[in-house]
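Presented below is the structure to which this report refers.
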Amino acid sequence: AQSVSQHNHHVILSEAASLELGCNYSYGGTVNLFWYVQYPGQHLQLLLKYFSGDPLVKGIKGFEAEFIKSKFSFNLRKPSVQWSDTAEYFCAGLTGGGNKLTFGTGTQLKVEL
Amino acid sequence: EAQVTQNPRYLITVTGKKLTVTCSQNMNHEYMSWYRQDPGLGLRQIYYSMNVEVTDKGDVPEGYKVSRKEKRNFPLILESPSPNQTSLYFCASSGLGSGYEQYFGPGTRLTVT
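In order, the protein sequence lines correspond to chains A and B.
Per our numbering, the first sequence starts with residue 27, numbered consecutively.
Per our numbering, the second sequence starts with residue 24, numbered consecutively.
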C-alpha cells in the first residue's frame with residue numbers, strides 16, 4: 027500500500043535559519059507529490075507540487091522541494107525562515123486515479139524570533 | 024471566487040444524535056473528498072466521490088455516510104456519532120482542470136460528548 031512518511035514531527039528554528047523537512051514515499055508507478063501548509067486555525071494551502079519534469083520544484087513564499095526518485099524522497103527546503111512560517115507542514119502523494127491524497131503525519135514548525 | 028465551503032464550522036453534539044456537515048464547491052470539480060485530521064495522525068481520507076452518484080470508501084469510513092446527488096455538494100453524515108469521531112474535518116475538491124490539486128474547505132471542528 028502506498029504511504030508517505032515525515033520523519034520530523036517537531037522542528038524549532040531561529041529566524042533566518044535554513045529549513046529542510048523530510049518526506050519519503052513508498053509506492054511506485056506515477057508519482058505526484060505535494061507539500062501543503064496549515065497556519066494556526068486555518069485550512070490547508072498548497073505550497074508546491076511535483077508531477078513530472080524538473081525535479082526541483084519552486085513554490086510560494088520561497089519554498090522549494092526536490093524530487094529524488096532513487097531515494098523516494100521529496101524534501102521541502104527554504105534558505106531562510108521567517109517567524110510567519112510557523113505552521114504545520116504536510117507532505118502528500120496522489121494516488122487512486124487522481125482523487126486520493128495520502129498524507130504524512132505532518133511536521134510542526136516553530137520559528138523563534 | 025473559487026472556494027470550498029463547509030457548514031457548520033464548529034459543532035458540539037451528544038452521542039447518538041444524527042448530524043450532517045455540508046460541503047459545497049463552485050469550481051465544477053469532478054472529485055470531492057472528506058478527510059479527518061487528528062493530532063499525530065495527519066489527514067486521513069474518509070470517503071471520496073469521483074462524480075455524481077459515484078462514491079467510495081477511503082481509509083477510515085466506519086461510522087460515516089456520504090451522498091453525491093449534485094456535482095457541487097458532498098455532505099458528510101454521522102448517523103450515530105460517538106466520542107471517537109471528535110475531530111477536525113476537511114472537505115476537498117479537485118478536477119482535471121486543476122491538475123488534481125485539491126482545494127480544501129475551512130474545516131469543521133466536531134466535538135461529540
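For every residue, glycine included, the Cβ atom is placed at its ideal position computed from N, Cα and C.
When the options are compared against residue i, the one with the closest alpha-carbon
i, options, result
"proline 84 of chain B", "B:Arg91, B:Arg95, B:Gly65 and B:Leu99", "B:Leu99"
"isoleucine 69 of chain B", "B:Tyr112, B:Gly118 and B:Gly128", "B:Tyr112"
"leucine 70 of chain A", "A:Phe77, A:Tyr62 and A:Tyr76", "A:Tyr62"
"serine 105 of chain B", "B:Tyr71, B:Gly86, B:Lys94 and B:Asn49", "B:Gly86"
"leucine 59 of chain A", "A:Trp109, A:Cys117, A:Gln28 and A:Ser31", "A:Cys117"
"lysine 95 of chain A", "A:Leu102, A:Pro81, A:Gly85 and A:Val107", "A:Pro81"
"isoleucine 86 of chain A", "A:Leu74, A:Ser78, A:Lys97 and A:Phe93", "A:Leu74"
"glutamate 76 of chain B", "B:Gln60, B:Tyr58, B:Phe97 and B:Arg67", "B:Phe97"
"valine 25 of chain B", "B:Tyr33, B:Val37 and B:His52", "A small correction: the amino acid at residue 25 of chain B is alanine; valine does not occupy that position in the sequence shown. It is B:His52."
"glutamine 125 of chain B", "B:Ser72, B:Asp79, B:Asn107 and B:Lys80", "B:Ser72"
"threonine 112 of chain A", "A:Glu90, A:Leu45, A:Ser29 and A:Val30", "A:Leu45"
"glycine 88 of chain A", "A:Phe77, A:Lys104 and A:Ser78", "A:Lys104"
Integer Cβ distance of residue i from residue j, believed to fall under 8 Å
i, j, result
"threonine 121 of chain A", "tyrosine 53 of chain A", "7 Å"
"glycine 55 of chain A", "glutamine 32 of chain A", "Not confirmed; about 21 Å, so no contact."
"threonine 128 of chain A", "glutamate 114 of chain A", "Not a contact, Cβ separation roughly 17 Å."
"isoleucine 35 of chain B", "threonine 131 of chain B", "Not confirmed; about 12 Å, so no contact."
"valine 48 of chain B", "arginine 95 of chain B", "With the sequence shown as reference, residue 48 of chain B is identified as glutamine, and valine is not the correct amino acid for it. Contact flag correct, Cβ pair sits at about 6 Å."
"valine 37 of chain A", "leucine 135 of chain A", "5 Å"
"methionine 55 of chain B", "arginine 91 of chain B", "7 Å"
"glutamine 83 of chain A", "phenylalanine 93 of chain A", "A small correction: the amino acid at residue 83 of chain A is valine; glutamine does not occupy that position in the sequence shown. Yes, they are in contact, since the Cβ atoms of valine 83 of chain A and phenylalanine 93 of chain A sit about 7 Å apart, within 8 Å."
Three-state secondary structure assigned by DSSP to residue i
i, result
"leucine 111 of chain B", "strand"
"leucine 119 of chain B", "helix"
Residue i CB to nearest heavy atom of the ligand NAP below 8 Å
i, result
"leucine 101 of chain B", "The ligand NAP is not among the ligands present in this structure, which contains no ligands whatsoever."
**Study point:** Secondary structure, beta strand (DSSP E): runs of 3+ residues fully inside the segment 54-132 of chain A
**Key:** 58-64, 71-76, 82-84, 90-94, 99-104, 113-121 and 126-129
Practice item. For the segment 35-59 of chain A, enumerate the residues whose C-beta is nearer than 7 Å to any C-beta of chain B, in chain order. Key: Asn58
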